[in-house]
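Taking the numbering used here, the leading residue of the sequence shown gets 79, the next gets one more, and so forth. Using N, Cα and C, we set each Cβ at its ideal position, and we do this for glycine too.
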Amino acid sequence: MPFGGGEELEAWLERHHGDTPGIWLLLARKGSDLASPTAEEILDATLAHGWITGKRRARDERSYLQKITPRRPGSLWSQVNVRQVEALTAAGRMREPGLAEVRAAREDGRWEAAYPSQKEATVPDDLAAALAAEPRAAAAFEA
C-alpha cells in the first residue's frame with residue numbers, strides 16, 4: 079500500500095488500527111525518487127497506534143515492501159521499541175491504542191523483560207566458555 083509520507087500513514091492508522099489485520103507498505107530505498115514514509119516514520123506510527131513492524135522484502139531496485147500488523151496479545155517487546163515509545167510519549171505522539179499496549183505490557187511484565195537488540199546483546203558466560211573450548215564452534219559463531 080503506498081503512502082506519500084509518515085503523516086498519511088498515521089492518518090490511515092488512526093482510521094484503521096482496529097479493523098485491519100495488517101498491510102504491506104511501500105518503502106522507498108535510499109536514493110529512490112519514490113515518495114514514501116521513512117523507516118523511522120513507519121516505526122513511530124506503528125508503535126503510536128499499537129502496531130509493530132514485521133518483515134521487509136525487496137520489491138524492486140527502487141523500493142521494499144514493509145509488513146505492519148497490530149501487536150498480538152502477549153507479544154514480546156524489544157528494548158529498542160521500549161525506548162522509542164518512551165520518546166514518543168515524551169513528545170505527546172502516542173495514541174490510545176498504543177498506550178493500551180504499553181499498559182498491558184507493563185501489567186504483565188513484558189515491558190521490564192524487553193529483549194536487547196542484536197547489536198546490544200551479550201553472550202552469556204556459559205556460552206562464552208563453551209565457545210572458548212571449541213575454536214571451530216567459536217569461529218562459526220562469530221561468522
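Beta-carbon proximity check, residue i vs residue j, cutoff 8 angstroms
i: I130; j: T147; result: yes
i: A113; j: L87; result: no
i: A178; j: G128; result: yes
i: L166; j: A126; result: yes
i: P115; j: G83; result: yes
Secondary structure of residue i, DSSP reduced to three states
i: G152; result: coil
i: G176; result: helix
i: L112; result: coil
i: A132; result: Looking at the sequence itself, residue 132 is Gly, so the reference to Ala does not match. The answer is strand: DSSP assigns G132 an E or B state.
i: R171; result: coil
i: T124; result: helix
i: R184; result: helix
i: W90; result: helix
i: A106; result: strand
i: R140; result: coil
Sequence-distant residues of its chain with Cβ nearer than 6 angstroms to residue i (five each side left out)
i: F219; result: L209
i: L91; result: A123 and H127
Close beta carbons around residue i, own chain, < 8 angstroms, minus the five adjacent residues each side
i: L154; result: R188, A191, A192 and Y193
i: R137; result: L104 and L143
i: R107; result: E139, R140, S141 and Y142
i: G132; result: G100, Q144, K145, I146 and T147
For residue i: DSSP bridge partner residues
i: T147; result: I130
Whole-angstrom C-beta distance between residue j and residue i, which should lie under 8 angstroms
i: S110; j: S141; result: 6 angstroms
i: P175; j: G96; result: 7 angstroms
i: V180; j: V163; result: 6 angstroms
Beta-carbon proximity list for residue i, same chain, < 7 angstroms, skipping 5 on both sides
i: A215; result: L209
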